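*Asks:* Residue numbers are given in the working numbering: position 304 of the first sequence equals residue 1379, and the series is strictly consecutive.
Ideal Cβ placement from N, Cα and C applies to all residues, glycine included.
The structure displayed is predicted, hence computed values, not measured ones.
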Amino acid sequence: MHNKFSNSLIAWYQEYHRKLPWRETKDAYKIWLSEIILQQTRVQQGLSYYLKFIQVFPTVFDLASATEDEVLTQWQGLGYYSRARNLHLTAKKIAFEMGGKFPNSKSELIKLKGIGDYTSSAIASFCFDEPTAVIDGNVFRFIGRMLGIFSPIDLPETKARINIFLQEHFPKKNGNTFNQGLMEMGALLCTPKNPNCEECPFKMSCYAFQNNCQADIPVKGKKIKVRIRHFNYLFISQENNIALQKRKGQDIWKNLYEFPCIETDQEVSQTDLQNIINEKYKIKNPIISSIANYNHQLTHQKLKVTIWKLDNYIAEMPKNWIFASSNDINNFALPRVLSRFWEDFSNNGLQLQIV
DNA sequence: CACTCGTGGCC
DNA sequence: TGGCCAAGAGT
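Here you go:
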């Protein structure tokens, strides 16, 4: 009776799971890379990045030997860029301080940057067969619905309760398949919307199915608040070179490149912006014109992005500006909204109004 | 603990 | 369309 859940789950997984490249290996480097890429990211979105990374950086030494800029450029467009920065930090630690060998236990893995509770369990289980249960968003949803858990998923006690259940049902053999099955259930059948309960082998013992409350579990905690920000980018092109700067500070897109940016509290008029440019960069009569607008919607922010073309000749650059040749722009990691602008600009030329 | 970090897809 | 969501982790 106690083994029935794990036996059924393992059997279901073996029949219905998707074939994915990181499931064909026990190489800790590849498993680790896939787990980082898939944090808060769908398989469909992360797959091409995984394939690109193992091609460009086949081993942890290749990744460690690259610069952070190179890693960020490969990561461009995937979001949550702290993952890429921590990926590089941890690669250097493993390559240069640990002889290229990954720690083989959850307790050691979790000490590494970018590897938390979920990822340490995943690597320990998938690579080293450590009997530790993974708890990610899929598992919260699947087990939460099965057991009828209505406490918010962001509470530690909710996670603890799920962990107790999983420990009680953790199999003596095939623990890694059990873990894969937990997540694959959440990804294929026990989905956030319109779960496919008819094909679920656990529907007879599932609280949510029996009580028809699948949509009410898991219970989300707080509501998302969206902050509106106004980014005014200066597109400055001189002699086929374009001004860029590196974003710093504890903010979005840290260590990515962007055009010189003037952030304002509200939308600004052309004359307002000219005055700001005059004050900030000591450019006497800035000649600017708006060439593109984007509403860039993020999870917690809505960015109103305006690209302004600045036509003055600039004799003395601020020290943090870099001038990149237009052929070289693609070698800089840009936020999605700017790589999209650059694509539009390269294709269409100067006059474009995108919203 | 509460908040923050991206992007694309879905309805 | 806007809100929700996805293999979480750092601070």
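Taking DSSP as the reference, what is the three-state secondary structure of residue 1399?
*Replies:* DSSP places residue 1399 in strand when its eight states are reduced to three.
*Asks:* For the beta strand (DSSP E) containing residue 1092, list its first residue and its last residue.
*Replies:* No beta strand (DSSP E) contains residue 1092, which DSSP labels as neither H nor E.
*Asks:* Check whether the stretch 1280 to 1288 and the stretch 1117 to 1129 are in contact - that is, three or more C-beta pairs closer than 8 Å.
*Replies:* The stretch 1280 to 1288 is not in contact with the stretch 1117 to 1129.
*Asks:* Measuring alpha carbon to alpha carbon, tell me which residue in 1374, 1126, 1403, 1308 is nearest residue 1382.
*Replies:* The option with the nearest alpha carbon to residue 1382 is 1308.
*Asks:* Rounded to a whole number of angstroms, what is the C-alpha to C-alpha distance between residue 1430 and residue 1416?
*Replies:* Low local confidence applies: a pLDDT of 46 at residue 1430 is under 50, so the model's placement there is unreliable, with the coordinate-based value given in what follows. When rounded, the distance between both Cα atoms is 11 Å.
*Asks:* Please list, in chain order, all residues of the same chain as residue 1252 whose beta carbon is under 8 Å from its beta carbon, the five residues on each side excluded.
*Replies:* The residues are 1085, 1088, 1089.
*Asks:* By how many angstroms is the C-alpha of residue 1389 removed from the C-alpha of residue 1358?
*Replies:* If I take the Cα positions, the gap works out to 8 Å.
*Asks:* If we require 4 or more residues per run, which alpha helix (DSSP H) segments fall completely within the stretch 1079 to 1144?
*Replies:* The stretch 1079 to 1144 contains these whole alpha helix (DSSP H) runs: 1079 to 1091, 1103 to 1112, 1118 to 1131, 1135 to 1140.
*Asks:* For the stretch 1211 to 1282, list the alpha helix (DSSP H) runs that are entirely contained and at least 4 residues long, ordered along the chain.
*Replies:* Here the runs fully enclosed are 1212 to 1222, 1231 to 1244, 1250 to 1263.
*Asks:* Whose C-alpha, out of 1315, 1343, 1395, 1262, is nearest the C-alpha of residue 1323?
*Replies:* Nearest of 1315, 1343, 1395, 1262 to residue 1323, Cα basis: 1395.
*Asks:* Between the alpha carbons of residue 1317 and residue 1398, how many angstroms are there, rounded?
*Replies:* Distance between the alpha carbons of residue 1317 and residue 1398: 5 Å.
*Asks:* Answer yes if the stretch 1129 to 1145 comes into contact with the stretch 1157 to 1176, meaning at least three C-beta pairs across the two stretches below 8 Å, and no otherwise.
*Replies:* Contact holds: three or more Cβ-Cβ distances are below 8 Å.
*Asks:* With which residues is residue 1157 paired in a DSSP beta bridge?
*Replies:* Looking at the DSSP assignment, residue 1157 forms no beta bridge with any residue, so it has no partner.
*Asks:* For residue 1383, name the three-state secondary structure that DSSP assigns.
*Replies:* Three-state DSSP puts residue 1383 in a strand.
*Asks:* At which residues does the beta strand (DSSP E) containing residue 1321 begin and terminate?
*Replies:* 1316 to 1321 is the extent of the beta strand (DSSP E) around residue 1321.
*Asks:* Nearest CA to the CA of residue 1152: which residue from 1408, 1265, 1377?
*Replies:* The candidate whose alpha carbon is nearest that of residue 1152 is 1408.
*Asks:* Verify whether the separation of the beta carbon atoms of residue 1106 and residue 1198 is less than 8 Å.
*Replies:* Yes, Cβ-Cβ distance for residue 1106 and residue 1198 is below 8 Å.
*Asks:* If you draw a straight line from the C-alpha of residue 1346 to the C-alpha of residue 1191, how long is it?
*Replies:* Spanning the two alpha carbons is a distance of roughly 49 Å.
*Asks:* Does DSSP put residue 1336 in a helix, a strand or coil?
*Replies:* It is a strand residue.
*Asks:* When the Cβ atoms of the stretch 1348 to 1367 are set against those of the stretch 1180 to 1187, are three or more pairs found closer than 8 Å?
*Replies:* No, because fewer than three Cβ pairs between the stretch 1348 to 1367 and the stretch 1180 to 1187 fall closer than 8 Å, the two stretches do not touch.
*Asks:* Under 8 Å between the Cβ atoms of residue 1125 and residue 1147?
*Replies:* Not in contact: residue 1125 and residue 1147 (Cβ atoms no closer than 8 Å).
*Asks:* Quick one: is residue 1104 buried, meaning 16 or more other Cβ sit within 10 Å of its Cβ, or exposed?
*Replies:* With 16 or more other Cβ atoms within 10 Å, it is buried.
*Asks:* Just curious, the alpha helix (DSSP H) that residue 1352 is in, first and last residue?
*Replies:* Per DSSP, residue 1352 belongs to the alpha helix (DSSP H) from 1345 to 1356.
*Asks:* By DSSP, does residue 1371 sit in helix, in strand, or in coil?
*Replies:* Three-state DSSP puts residue 1371 in a strand.
*Asks:* Between 1165, 1267, 1130, which lies nearest to residue 1149 when the distance is taken from Cα to Cα?
*Replies:* The shortest C-alpha separation from residue 1149 is found at 1130.
*Asks:* Do you know offhand how far residue 1410's Cα is from residue 1333's?
*Replies:* Rounded to the nearest angstrom, the two C-alpha atoms are 7 Å apart.
*Asks:* Helix, strand or coil, according to DSSP, for residue 1162 in the structure here?
*Replies:* Helix at residue 1162.
*Asks:* Give the straight-line distance between the Cα atoms of residue 1302 and residue 1080, rounded to the nearest whole angstrom.
*Replies:* Roughly 44 Å separates the two Cα atoms.
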